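Colleague: I'd like to ask you about the structure that follows.
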Amino acid sequence: MFKIGVLISGGGTNLQSIIDNVNSGYLDCKIEIVISDSENAYGIERARKSGIDAVALPKKQYGDALSDEILKIVSERKVDLIVTAGFLSILKGELLKKYKNKIINIHPSLIPSFCGKGMYGLNVHKAAINYGVKTSGCTVHFVDEGTDTGPIIIQKAVPVFSDDTAEILQKRVLDKEHEALPEAIKLIAEDKLEVHDRRVLIK
Ligand code: GRF
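full-length UniProt numbering puts the first residue of the sequence shown at 1, with every later residue one more than the last.
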């Protein structure tokens, strides 16, 4: 059984979409573990309600050791794919080496727009609206040493309307995130991707 580990920091609506897609049979995977860098994340509650093991590694307690602690847990549990879903800490070190092209992230913009340091949550949508873009969306990409810089797997676009607030745009994008992330997980679980430098090809 293809095992995934999901990393969260907050509400976990993307985690919930993965849970729902496992339960529906769309994803032939097991969510082996949920790891949060915040003990108050509601996503922990979502996991526990679904009978999924969850552990909090508060970033203020683990600091620079967070990535190594995550590596220890996912290795012990033989996780095949790590999914960062609303996860705010930056992964680094041995974890990125051992899990090269086995960590994916969901970002709420069409990368390379509105991404990188400080671009998370509502900041992303405020920047998109202030820039005046007519289209935004979400991106699922592999995680590498940078911030939101890994090869792109899936993107889904949404229109941006002149009367949109950041909150309205966030909701429109979030709905697409909940489609894109399970689709990307399915492609990987079924070994349907080839990565050639920056380009990800679907077999
Ligand atoms: C989402 O916009 C996601 O794209 C970003 O974090 C936000 C919250 O995600 N990475 P979730 O509801 O905690 O899954």
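Ideal Cβ placement from N, Cα and C applies to all residues, glycine included.
Just so we're clear, the structure is a prediction, and the values are computed from it rather than from any experiment.
Is T149 a contact residue of the ligand GRF, with contact defined as CB to any heavy atom under 7 Å?
Modeller: Numbered from its first residue, the sequence shown carries residue 149 at position 149. Not under cutoff, so the answer is no.
Colleague: Grouping DSSP H, G and I as helix and E and B as strand, with all else coil, what is K3?
Modeller: Within the sequence shown, residue 3 is the residue found at index 3, counting from 1. Three-state result, K3: strand.
Colleague: Could you tell me whether any non-hydrogen atom of the ligand GRF is closer than 7 Å to the CB of H141?
Modeller: As a first step, residue 141 must be located in the sequence shown, where it is residue number 141. Incorrect: H141 has no Cβ contact closer than 7 Å to the ligand GRF.
Colleague: Between the alpha carbons of A85 and N130, how many angstroms are there, rounded?
Modeller: Along the sequence shown, read from residue 1 onward, the residue named residue 85 stands at position 85. Along the sequence shown, read from residue 1 onward, the residue named residue 130 stands at position 130. Between A85 and N130, the C-alpha separation is close to 25 Å.
Colleague: How about L95 and I73: are their beta carbons less than 8 Å apart?
Modeller: Mapped onto the sequence shown, residue 95 falls at position 95. Mapped onto the sequence shown, residue 73 falls at position 73. No, these two residues do not count as a Cβ contact at 8 Å.
Colleague: Assign S9 to one of two classes, buried (16 or more other C-beta atoms within 10 Å of its C-beta) or exposed (fewer than that).
Modeller: Indexing the sequence shown from 1 puts residue 9 at position 9. Buried: at least 16 other Cβ atoms inside 10 Å.
Colleague: Grab the span of the beta strand (DSSP E) containing L193 for me, first residue to last.
Modeller: Residue mapping note: residue 193 aligns to position 193 of the sequence shown, counting from 1. That run of the beta strand (DSSP E) goes L193 to H196.
Colleague: Are the Cβ atoms of I4 and I185 separated by less than 8 Å?
Modeller: As a first step, residue 4 is located in the sequence shown; it is residue number 4 there, counting from the start. As a first step, residue 185 is located in the sequence shown; it is residue number 185 there, counting from the start. In contact: I4 and I185 (Cβ atoms closer than 8 Å).
Colleague: In chain order, what residues of the same chain lie with their CB nearer than 6 Å to the CB of D80, ignoring the 5 residues before and after it?
Modeller: On the sequence shown, position 80 is the one that residue 80 refers to. Cβ neighbours of D80 beyond the five flanking positions: F2 and K3.
Colleague: Can you check whether the C-beta of K192 is within less than 8 Å of a C-beta belonging to chain C?
Modeller: Given the protein chain composition of this structure (a single chain), no chain C is represented.
Colleague: Can you tell me whether DSSP reads E76 as helix, strand or coil?
Modeller: On the sequence shown, position 76 is the one that residue 76 refers to. It is helical.
Colleague: When DSSP builds the beta bridges, which residues end up paired with P151?
Modeller: Position 151 of the sequence shown, counted from the start, is the residue given in the question as residue 151. None; P151 has no bridge partner.
Colleague: Kindly provide the ranges of any alpha helix (DSSP H) runs that are 4 or more residues long and lie completely inside the region 73-137, ordered along the chain.
Modeller: Segments of the alpha helix (DSSP H) lying fully in the region 73-137: 94-98 and 122-131.
Colleague: Might you give, ordered along the chain, the residues of its own chain that have their beta carbon closer than 7 Å to the beta carbon of N101, omitting 5 neighbours on each side?
Modeller: Stepping through the sequence shown from its first residue, residue 101 is reached at position 101. Taken in chain order, the residues that qualify are F142 and V195.
Colleague: P159 by DSSP, collapsed to three states: which one?
Modeller: On the sequence shown, position 159 is the one that residue 159 refers to. In the structure shown, P159 sits in a strand (DSSP, three-state: E or B).
Colleague: DSSP on S36, reduced to helix/strand/coil?
Modeller: Residue 36 sits at position 36 when you count from the first residue of the sequence shown. If DSSP states are grouped into helix, strand and coil, S36 belongs with the strands.
Colleague: By the three-class DSSP mapping on this structure, what secondary structure does residue 271 have?
Modeller: Given a span of 1 to 203 for the chain in the structure shown, any question on residue 271 remains unanswerable.
Colleague: Start and end of the beta strand (DSSP E) containing A56?
Modeller: Here residue 56 corresponds to residue number 56 of the sequence shown, with the count starting at 1. First-last of the beta strand (DSSP E) with A56: A54 to A56.
Colleague: Let me check you understand the geometry: is the CB of C115 closer than 7 Å to at least one non-hydrogen atom of the ligand GRF?
Modeller: As a first step, residue 115 must be located in the sequence shown, where it is residue number 115. No - the ligand GRF has no heavy atom lying nearer than 7 Å to the Cβ of C115.
Colleague: Taking 7 Å as the limit between beta carbons, can you name the residues of its chain near V200, skipping five residues before and five after?
Modeller: Here residue 200 refers to the residue found at position 200 when the sequence shown is read from its first residue. These residues qualify, in order along the chain: P151, I152, I153 and L193.
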